[in-house]
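In my numbering, the protein residues as written are 5 to 475.
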């Protein structure tokens, strides 16, 4: 089944590229996302635990994030049809073909059971994302594209050094995560530490955390807003899944507490960067991107804490995927109304699109972890774990930084909705067609915060179980 999925991904991407009519392109994309959803249903219903093509296993971690991609990607595609209505046919074809290839590459990341294969598919996402960033073909997008290719290539190369070190430590050159887990107990601690630092630093360009978080922020600013909804969610999830699996390997070694501290430090620096730059930026999509940096920093801190916080980390990332995608998709509507994303020149969105402004406010409150947001549940569990471990200084620092994030986020949402605009916006005439998908995503996020189905909590507990014993 997975081989068929990869083959169909390439076939549909090629079909989108050569389609002569816009309607044919749209049908091809729609059929692909339906087939992708069907594949996800098959994995959930009867594929869990299976290994296919030797290098891929349908574990609960990968299946959860593949399911999230199956929900968010078609919604982003639908918004893209509306958002890119003035683009040439060739531009729209290339854009949608790259989105399909990005989904296929991320499926390889989510299901990979081998550290080298994960690395290969993450590198493939760089090429797909670079093409999406260059969609506008302007000097700014060209600059952002070259920066993205250069920094991500450097980051992935650094991660490759970590892969090589792990390969040297494994018995029989077995680079599967299970093989590495069996090898690290007898490995040289210094080599393990170097390998893990390289992996964290390299994958940070995908995960949008310290130290290479800036390239993800630049990518979100330059890419079309519906694509930014994917870059800041499902692509970030790919980095999270890859790092999560490497961290589970590290927990079998004597340097596990040290690795946990590395994640906590990287998380704190990410939250700090998000809090500082959310106040300083004047670009609305950059502002949302720094919110991603802050939220993924929280997830890293949770992984480092261990215990119930690991469950919270996975729940946090899943909830963030649904909520942040709504914010970026709604930003695409606001940006099209004002003709730009400059916060200081925007305002009065409540009069331009009242329903859309309400969605902005609700999604903003949810990403700030106000109930019934799933982020409220996850952050409460994280704070509880800090208290159990008596990490009072860490708790105080995180709370102070989150208060700063709340203030700056709320300020910009209020400015967007109620300030007097310096640019006269165009009243939106799209009706409720674009509002329904956003409300569905928000509804799913609310359900995730209020009522987690038993099967979902079992999945998350299963994924987190190997990490929960570290303290």
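We treat Cβ as the ideally placed atom computed from N, Cα and C, and that holds for glycine.
Outcome for residue i when other beta-carbon atoms lying within 10 angstroms are tallied against a minimum of 16
| i | result |
| --- | --- |
| residue 394 | exposed |
| residue 132 | buried |
| residue 89 | exposed |
| residue 8 | exposed |
| residue 400 | exposed |
| residue 63 | buried |
| residue 265 | exposed |
| residue 298 | buried |
| residue 455 | exposed |
| residue 5 | exposed |
| residue 50 | exposed |
| residue 286 | exposed |
| residue 35 | exposed |
| residue 475 | In this prediction, residue 475 scores a pLDDT of 44, lower than 50, which makes its location untrustworthy; no coordinate-derived value is stated. |
| residue 65 | buried |
| residue 278 | buried |
Distance CB(residue i)-CB(residue j) smaller than 8 Å
| i | j | result |
| --- | --- | --- |
| residue 167 | residue 123 | yes |
| residue 548 | residue 338 | This structure leaves residue 548 out entirely; the chain is present only between 5 and 475. |
| residue 406 | residue 312 | no |
| residue 329 | residue 76 | yes |
| residue 274 | residue 282 | no |
| residue 318 | residue 449 | no |
| residue 10 | residue 108 | yes |
| residue 241 | residue 321 | yes |
| residue 227 | residue 153 | no |
| residue 254 | residue 169 | no |
| residue 256 | residue 188 | yes |
| residue 114 | residue 69 | yes |
| residue 85 | residue 155 | no |
| residue 478 | residue 304 | Coverage of the chain is limited to positions 5 through 475, which leaves residue 478 absent and any answer about it impossible. |
| residue 460 | residue 389 | no |
| residue 237 | residue 352 | no |
| residue 288 | residue 464 | no |
| residue 417 | residue 374 | no |
| residue 293 | residue 429 | no |
Nearest-angstrom Cβ-Cβ length linking residue i and residue j, presumed shorter than 8 Å
| i | j | result |
| --- | --- | --- |
| residue 43 | residue 32 | Rounded, the Cβ-Cβ distance is 16 Å, inconsistent with contact. |
| residue 332 | residue 232 | 5 Å |
| residue 367 | residue 446 | 6 Å |
| residue 248 | residue 307 | 7 Å |
| residue 270 | residue 202 | Residue 270 to residue 202, Cβ: 13 Å. No contact. |
| residue 350 | residue 290 | About 14 Å separates the two Cβ atoms, so there is no contact after all. |
| residue 477 | residue 252 | With the chain covering 5 to 475 only, the question about residue 477 has no answer from this structure. |
| residue 159 | residue 206 | 5 Å |
Under the three-state DSSP convention, the category residue i falls into
| i | result |
| --- | --- |
| residue 423 | coil |
| residue 67 | helix |
| residue 83 | helix |
| residue 148 | helix |
| residue 171 | helix |
| residue 246 | helix |
| residue 404 | helix |
| residue 394 | coil |
| residue 111 | helix |
| residue 337 | helix |
| residue 409 | helix |
| residue 310 | coil |
| residue 232 | helix |
| residue 130 | helix |
| residue 456 | coil |
| residue 325 | helix |
| residue 23 | coil |
| residue 12 | helix |
| residue 416 | helix |
| residue 428 | coil |
| residue 89 | coil |
| residue 475 | Interpretation of residue 475 is limited by its pLDDT of 44, a score under 50 that renders its predicted location unreliable; the figure taken from the coordinates is listed afterwards. Three-state result, residue 475: coil. |
| residue 269 | helix |
| residue 142 | coil |
| residue 298 | helix |
| residue 372 | coil |
| residue 251 | helix |
Residues that residue i bridges to, as DSSP identifies them
| i | result |
| --- | --- |
| residue 346 | 287 |
| residue 180 | 118 |
| residue 61 | 55 |
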